[in-house]
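In this text, residue positions in the sequence shown follow our numbering: the first is 20, and each later residue adds one. All C-beta atoms, glycine included, are put in the ideal place defined by N, C-alpha and C. Just so you know, these numbers come straight off a predicted model, no measurement behind them. The structure under discussion appears below in the form of structure tokens.
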Amino acid sequence: MASTHDAAAGGARQGARVLVASNRGPVSYEVREDGALHARRGGGGLVSGLSAIGPDADALWVCSALSDGDREAVRQGVGEDGVRMLDIPADVHADAYNGIANSVLWFVHHLLYQTPLEPVFDTEFRRQWASYEAYNRAFAEALAEEAAPGAAVLVQDYHLCLVPGLLRELRPDLRISHFSHTPWAPVDYFALLPDDLRARLLTGMLGADRLGFLTRRWADAFAACCDAFTGGTGGTEIGVHGLGADGDFLLKRSHEPDVEERITELRAEIGADRRTIVRVDRTELSKNIVRGLLAYRQLLDDHPEWRERVVHVAFAYPSRQDLAVYRDYTAEVRRVADAINTAYGTDGWTPVVLHVKDDFARSLAAYRLADVALVNPIRDGMNLVAKEVPIVSDRGCALVLSREAGAFWELGEDALVVNPYDIGETAEALHTALTLPAEERERRAGRLAAAATALPPARWFLDQLEALRAIDRA
Ligand code: F6P
20 MASTHDAAAG GARQGARVLV ASNRGPVSYE VREDGALHAR RGGGGLVSGL
70 SAIGPDADAL WVCSALSDGD REAVRQGVGE DGVRMLDIPA DVHADAYNGI
120 ANSVLWFVHH LLYQTPLEPV FDTEFRRQWA SYEAYNRAFA EALAEEAAPG
170 AAVLVQDYHL CLVPGLLREL RPDLRISHFS HTPWAPVDYF ALLPDDLRAR
220 LLTGMLGADR LGFLTRRWAD AFAACCDAFT GGTGGTEIGV HGLGADGDFL
270 LKRSHEPDVE ERITELRAEI GADRRTIVRV DRTELSKNIV RGLLAYRQLL
320 DDHPEWRERV VHVAFAYPSR QDLAVYRDYT AEVRRVADAI NTAYGTDGWT
370 PVVLHVKDDF ARSLAAYRLA DVALVNPIRD GMNLVAKEVP IVSDRGCALV
420 LSREAGAFWE LGEDALVVNP YDIGETAEAL HTALTLPAEE RERRAGRLAA
470 AATALPPARW FLDQLEALRA IDRA
């Protein structure tokens, strides 16, 4: 892989042959109390996917500095091989990331607006949009500078929708793809965006040779928006790549000593012989955690026989806390969980075990203990938790799954499928899941695990790279 220092300096190198671009990169830095920089490597599908192309592939990952530690690392020239972090001014990044990507594009694709009051496209919005343009341009310029002739560039997600078009202008020789990790909005909802900007977003993405989506549903929604607003998708190829879970890694990691320790601790919190309904999410508006808690409360009302016999293990890890609406949602999750514990709890039974501190080993411990996995998003690109819990659960869990998660298209047949807004239906699905005979549950979990691992991250990434390279650009 190319070295960061060479990459940052330009140097006499030939340029990378495979480039990935995303807002969040594979590494982040923290300034310790003694002033030293500490690097932390991230996980996730893209990281394991990229590792599959091997150290000789001459690959470079271009990402954004997100924290003070990241910015300090860039300034000191500290970096990892194969990674170039862009030190985009903090205010520009904040407007692009918090203001546009997470407060507008994320809301549009996940249908999150309360439309009587939102969205408001005013002068402030236009100012933030200018930052989104500048941030996308910074990526396009860095990629243009780093790419070898004819290189493959794989741009990720809604933060970087304009990069394909901008990069195409700078480097017509490159093979460019863009992958959406989110759903895509239906035409009437995408139409909320100002006319000029919805066209700008679509044509920005159509600057790519190839666009990837997690399900056919999201790919069709994108194509429908293009039909409505840009006269079609032009010559851009559209592909569907349903990212799967890394089963081998998860099974191995979930049997390491730190996970065993967390299992002992969690079991003590839950109580022996009790059933578990497990959910693990970022505290994200689209994940529908509050309605999940309300459905659990309804289960305890409609089926009082479950009182004292079941615990809802809910891990809700902080996310996007710069945004007030996320902070409020986090507070609401706590409030509802506390209210259930106050109303129903007894001396020996805490109905909801809520943890908010991110702890990967403890998440895996919860997966192993799961009798039921609750995955009920309002809307979700895929949802890897739905895929991971059936693989890892010791006894084979039942899956209660929203029909609005991308994973529904792959796992729906063996899951108990719910409308995420319907609390009563979700409560009843939880009851059915808890009462499934053990053999039936294990059989379903086996099929869920097989479907969940059908396209592991490495294959997911290589399929896209091969498809991009195979495009005839003559
Ligand atoms: O779902 C889209 C996505 O970019 C994921 O790839 C990722 O899990 C999530 O959003 C992370 O969001 P953020 O970087 O804002 O924490």
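Between which two residues does the beta strand (DSSP E) containing residue i stretch?
i      : result
MET104 : 102 to 105
THR365 : Here THR365 belongs to no beta strand (DSSP E), and DSSP marks it neither H nor E.
ALA335 : 329 to 336
HIS374 : 371 to 374
GLY63  : Taken as a continuous stretch (DSSP letters only), GLY63 belongs to no beta strand (DSSP E), as it is neither H nor E.
GLY169 : 166 to 175
ARG229 : 229 to 232
LEU403 : No beta strand (DSSP E) contains LEU403, which DSSP labels as neither H nor E.
How far does the alpha helix (DSSP H) with residue i in it reach, from first residue to last?
i      : result
ASP239 : 235 to 248
GLU49  : Per DSSP, GLU49 belongs to no alpha helix (DSSP H); it is in the beta strand (DSSP E), 46 to 50.
LEU455 : That residue, LEU455, is in no alpha helix (DSSP H); it is neither H nor E in DSSP.
GLN483 : 476 to 489
ARG316 : 308 to 321
THR283 : 276 to 289
PRO74  : No alpha helix (DSSP H) holds PRO74; DSSP gives it neither H nor E.
GLY263 : GLY263 -> no alpha helix (DSSP H), and no H or E assigned at all.
GLY497 : The requested residue 497 does not occur in the structure, where the chain is confined to residues 20 to 493.
Residue i: buried (16+ other C-beta within 10 angstroms of its C-beta) or exposed?
i      : result
LYS376 : exposed
GLY44  : buried
PRO475 : buried
TYR151 : buried
ALA291 : exposed
ALA497 : Lying outside 20 to 493, the shown extent of the chain, residue 497 is not represented and no answer is given.
ARG60  : exposed
GLY400 : buried
TYR440 : exposed
LYS406 : buried
ARG145 : exposed
ALA384 : buried
PHE241 : buried
ASP341 : exposed
ALA489 : exposed
VAL437 : buried
GLY495 : It is not possible to answer for residue 495, since the shown part of the chain is limited to 20 through 493.
LEU455 : buried
PRO396 : buried
HIS274 : exposed
Tell me whether residue i sits in a helix, a strand or coil according to DSSP, three-state version.
i      : result
VAL139 : coil
THR295 : strand
PHE85  : First, the residue type needs correcting, since residue 85 is Leu and not Phe in the sequence shown. Looking at LEU85 - three-state DSSP - the assignment turns out to be coil, as it is neither helix nor strand.
GLU256 : strand
GLY98  : coil
SER382 : helix
GLY415 : coil
ILE195 : strand
SER122 : helix
ALA27  : Because ALA27 carries a pLDDT of 43, less than 50, the predicted location of this residue cannot be relied on, and the following value inherits that uncertainty. ALA27 falls in the helix class under three-state DSSP.
PRO439 : coil
ARG353 : helix
HIS129 : helix
ALA424 : strand
VAL93  : helix
HIS112 : helix
ALA389 : coil
LEU212 : coil
GLY34  : coil
LEU56  : strand
TRP148 : helix
ARG301 : strand
TRP325 : helix
ASP433 : helix
Can the beta-carbon of residue i be found closer than 9 Å to that of residue j?
i      : j      : result
ALA153 : VAL111 : yes
PHE427 : LEU420 : yes
VAL297 : ALA392 : yes
LEU487 : ARG229 : yes
ASP378 : ARG281 : yes
TRP479 : HIS260 : yes
ALA333 : ALA356 : yes
GLY96  : GLU49  : no
Residue i and residue j look like a contact to me (Cβ under 8 Å); what is the Cβ gap, rounded to whole Å?
i      : j      : result
PRO183 : TRP237 : That belief does not hold up - the Cβ atoms of PRO183 and TRP237 are roughly 17 Å apart, past 8 Å.
ALA452 : ALA417 : 4 Å
SER47  : SER86  : 6 Å
ILE410 : ALA471 : 6 Å
ARG316 : ILE359 : 5 Å
VAL394 : ASN402 : 6 Å
LEU56  : ALA92  : 6 Å
Considering only heavy atoms of the ligand ATP, does any lie closer than 8 Å to the CB of residue i?
i      : result
SER338 : The ligand ATP is not part of this structure, which contains only the ligand F6P.
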